[in-house]
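What follows is a set of notes on a single structure, which appears directly below.
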Amino acid sequence: MIRYRKDCLKFFIYTTALLFLLSSCSHIPFIGKKKEEKVDKLPEGETVTVEGIDKVKGINPPKPESPTSARGSTQPITPKKGPETKMASTSTRPFYSPAPLFFLSGFKRKVAILDFENKTTYGEEKIGEAAAIKLIDKLEATQHVVIMDRTIVSELLNREGFKFESLLEPSVMKHAHQSLGIQAFALGAVTDVSLLSSKASETSDEEVSFATAKVEIRLIDASTGNLLKSFVGRSPIFGTKEIGEYSRSKAVLKAIEFSLDDILEGFLRQLDFLDWTTTIVKTEGESLYINAGRLSGLRIGDVLEIFEPGKEIINPATKISLGWTTGQLKGAIRITELFGVDAAIGKVVQGNGFGPNDVVKFTMK
């Protein structure tokens, strides 16, 4: 009897344990081959992998003509294609807007642009003159250079017995530096222009033109007449496309402009190696009138130092000027008034005995 009770108890315990085990593991799927459901073959397309999900291959289905289904599902939105953007292969230097901060003193150098030659096969065209005008426009757009007007420079030189064409001579350059405060001259040439023209289409009479150009510029130190550096700029053919009347001339002008863009940054950097200086025009007691003012970047309160002219050092072997030494410091002035286009009055704060040949400089402290 006791044995029978023990057997019944064991059977009850085993049965309870088995039921508990089955109930606690009922949510675990059986391991084995997954039942394959019949699906339609997906169209060929790009393979996409999503983390935790099998790789799938397919494409967006076409937009149905029927209204949206009752479930509220929507078709994928296809972004509208905007107009194709065409990029010209141009110089990557749009350096003049805004202009780089090359001039640490904030004062602008005075530069005179001389003649540009036309050395291309289009000798009858005024290509050199167009290049000079474009260079002036670009330098003025930097707002860090004062371009000396050709007519004004010519008139001032004529009064002193010189011709504008004689500025190619180092001695005349030095005279212009001392009397007009010009610090650099730029001259150059357009050495090559290639032009490609054709009809815009078989049914159109309009002409489409492309051009390339090569421009050379020489930057000269006015105080010595020495060449500071030569620059060569080339333009790509892409980006010069012009259609219609005067398309050839317009394409050439674009090519020249791109060639100048290729030069401009290096031109300004080289110009920054020149010290900013100006000259004394007139003295009246404690007031000095100087050949620089608002246009050159001077402001009321600026303090400028005045030096004796110094001495030009000539290399005895090459006979080339090495530059000017800094003369003895004579004193300093403080700007009290700006007048005219580019002139100023300074009050003496130190020193005396100033004269027209003295050199006025800004010295950073």
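In our numbering, the protein residues as written are 131 to 495.
From the three backbone atoms N, C-alpha and C, an ideal C-beta is built for every residue, glycine too.
Which one of the options has the shortest CA to CA distance from residue i?
i: N421; options: F141, N356, M278 and E255; result: M278
i: E299; options: S353, A261, L418 and A262; result: S353
i: D391; options: A271, T250, L425 and T466; result: A271
i: K491; options: D432, I450 and K304; result: D432
i: L349; options: A330, L404 and I367; result: L404
i: E247; options: N356, K344 and G355; result: K344
i: T466; options: N482, A262 and G423; result: G423
i: E346; options: V338, H307, I386 and S379; result: I386
i: T281; options: I243, F141, S301 and K256; result: I243
i: S379; options: T145, A330 and K256; result: K256
i: L383; options: I143, E254, T145 and A260; result: A260
i: L468; options: K329, K460, L425 and M303; result: L425
i: Q273; options: G253, R239 and G258; result: R239
i: G363; options: T321, A462, T413 and G470; result: T321
i: G355; options: L269, M303, A262 and D335; result: M303
i: T493; options: G470, A462 and G483; result: A462
Can you give the Cα-Cα distance for residue i and residue j, rounded to whole angstroms?
i: V241; j: Y419; result: 21 Å
i: D488; j: T456; result: 11 Å
i: I436; j: G311; result: 15 Å
i: V323; j: T342; result: 6 Å
i: V283; j: F294; result: 7 Å
i: T204; j: S327; result: With a pLDDT of 42 at T204, under the threshold of 50, the modelled position of that residue is not reliable, and no figure is offered here.
i: R289; j: D245; result: 21 Å
i: L398; j: R464; result: 28 Å
i: A316; j: W406; result: 17 Å
i: T408; j: E285; result: 20 Å
i: K264; j: G440; result: 37 Å
i: H305; j: T251; result: 36 Å
i: G481; j: F292; result: 35 Å
i: S451; j: S331; result: 59 Å
i: L297; j: S309; result: 13 Å
i: R429; j: V411; result: 18 Å
i: L287; j: L401; result: 23 Å
i: L357; j: H307; result: 15 Å
i: F340; j: I367; result: 6 Å
i: T413; j: V275; result: 27 Å
i: T333; j: G369; result: 24 Å
i: K268; j: D351; result: 20 Å
i: G483; j: V471; result: 27 Å
i: D335; j: G258; result: 30 Å
i: K329; j: E254; result: 24 Å
i: V479; j: I266; result: 38 Å
Less than 8 Å between the CB atoms is what I'm expecting for residue i and residue j, so what's the real figure, rounded?
i: G427; j: G236; result: 5 Å
i: K249; j: A314; result: No, K249 and A314 are not in contact; Cβ-Cβ is about 23 Å, not under 8 Å.
i: S360; j: S389; result: About 14 Å; that fails the 8 Å criterion.
i: V338; j: S377; result: 6 Å
i: E438; j: K460; result: 6 Å
i: L325; j: A381; result: 7 Å
Terminal residues of the continuous beta strand (DSSP E) containing residue i?
i: K264; result: It is not in any beta strand (DSSP E) - K264 instead sits in the alpha helix (DSSP H) that spans I257 to T272.
i: A319; result: A314 to K329
i: L357; result: L357 to R364
i: V275; result: V275 to I277
i: Q458; result: Taken as a continuous stretch (DSSP letters only), Q458 belongs to no beta strand (DSSP E), as it is neither H nor E.
i: E247; result: R239 to N248
i: V471; result: Segment: none, V471 is in no beta strand (DSSP E) and carries neither H nor E.
i: I450; result: I450 -> no beta strand (DSSP E), and no H or E assigned at all.
i: E491; result: Reading off the sequence, residue 491 comes out as Lys, not Glu. From DSSP, the beta strand (DSSP E) with K491 extends over V489 to K491.
i: T370; result: That residue, T370, is in no beta strand (DSSP E); it is neither H nor E in DSSP.
i: E332; result: Run containing E332: none; DSSP gives neither H nor E here.
i: K293; result: No beta strand (DSSP E) holds K293; DSSP gives it neither H nor E.
i: L502; result: Residue 502 falls outside the range modelled here, since the chain spans only 131 to 495, and no answer is possible.
i: S417; result: S417 to I420
i: E414; result: T407 to E414
For the alpha helix (DSSP H) containing residue i, list its first residue and its last residue.
i: N445; result: Per DSSP, N445 belongs to no alpha helix (DSSP H) and is neither H nor E.
i: D391; result: S377 to L401
i: R424; result: That residue, R424, is in no alpha helix (DSSP H); it is neither H nor E in DSSP.
i: K304; result: P300 to L310
i: E285; result: R280 to R289
The stretch 455 to 469 touching the stretch 382 to 401, judged by at least three CB pairs closer than 8 Å: no
contact_flag[the stretch 469 to 479, the stretch 410 to 418] where n(CB pairs < 8 Å) is 3 or more: yes
Stretch pair the stretch 371 to 380 + the stretch 440 to 454: three plus CB contacts closer than 8 Å: no
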